[in-house]
Amino acid sequence: MGCFPSKNAAGDDGEQGAAEIQLPDRNAPNPIVYFDVNQGGQPLGRITFELFQNRVPRTTENFRRFCTGEFKDAKGKVRGYKGTAFHRVIPDFMIQGGDFMRGDGTGKMSIYGKQGFDDEDFAFKHNQPGLLSMANSGPNTNGSQFFITTVPTPHLDNKHVVFGKVVDGMQIVKKIEKTRIGELDRPQVDVVIEACGQLN
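Numbering (full-length UniProt numbering), first residue to last: 1 to 200.
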């Protein structure tokens with residue numbers, strides 16, 4: 001079973017700003033970003049990630065800007081992960097989030113001025129828990145949605161782009177994984193990214 005939006009993902013009617021995105025230097029230190037997560041309104045803790053900017057800079061910059069709140073759509077509205085929920089949890093597989101458009105796995109946006117961007121590089125494999133990878137609805141359909149593996153998932157290799165890893169807070173990921181779920185693997189208690197940003 002892949003980590004796909006539950007339906008065909010839809011973009012924003014106000015097409016994202018088409019300004020050219022300045023990519024970071026591959027030789028710069030990899031970004032360290034974080035999510036502060038709550039569950040049912042109660043603080044759960046912080047998940048900290050290293051983003052593999054040195055290998056997949058387009059993919060990491062997309063995620064980083066949604067973490068920091070730097071990105072604004074064509075209407076000037078800030079778009080990002082703050083205040084959004086993990087909408088899909090599958091035990092012994094992964095937790096998925098990043099749909100700040102609709103919140104149900106059907107929304108999609110990228111920073112690149114179109115509904116999806118191409119798969120950048122499949123160099124990193126899904127060979128351990130705690131990997132950060134792009135959710136998609138098929139080849140070259142990356143947007144804002146992501147998932148975090150809770151076990152090795154080699155069947156996703158060459159289908160989803162791994163672009164980071166958990167460096168602290170894997171115990172928080174495991175707590176989210178244990179959330180009671182209902183239809184479409186949706187948590188029955190809201191698990192929300194209360195705050196997010198960059199640490200370096």
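All C-beta atoms, glycine included, are put in the ideal place defined by N, C-alpha and C.
Residue i (DSSP reduced to helix, strand or coil)
i    : result
A100 : It should be pointed out that residue 100 corresponds to Phe in this sequence rather than to Ala. Looking at F100 - three-state DSSP - the assignment turns out to be coil, as it is neither helix nor strand.
Q128 : coil
D25  : coil
F52  : coil
L184 : helix
E120 : coil
Neighbourhood of residue i by C-beta distance below 7 Å, restricted to the same chain and skipping five residues each side
i    : result
P31  : L51, Q53, T60, R64, Q198 and N200
E20  : none
Q188 : R180, I181 and G182
Spatial neighbours of residue i in its chain, beta-carbon cut-off 6 Å, leaving aside the 5 residues before and after
i    : result
M170 : G130
T141 : G116
D36  : R46, E194 and A195
D118 : N140
Spatially closest choice to residue i from the options, by CA coordinates
i    : options                 : result
L184 : F124, Q128 and R88      : R88
K125 : R79, T179, N158 and I90 : N158
A28  : D73, R55, P152 and V167 : R55
P24  : T48, P57 and N38        : P57
Distance between beta carbons of residue j and residue i, contact taken as under 8 Å
i    : j    : result
Q128 : A135 : Q128 to A135, Cβ: 18 Å. No contact.
G80  : G69  : 5 Å
Can you list the beta strand (DSSP E) stretches of 3 or more residues lying completely in the region 128-156, in chain order?
-> 131-134 and 146-149
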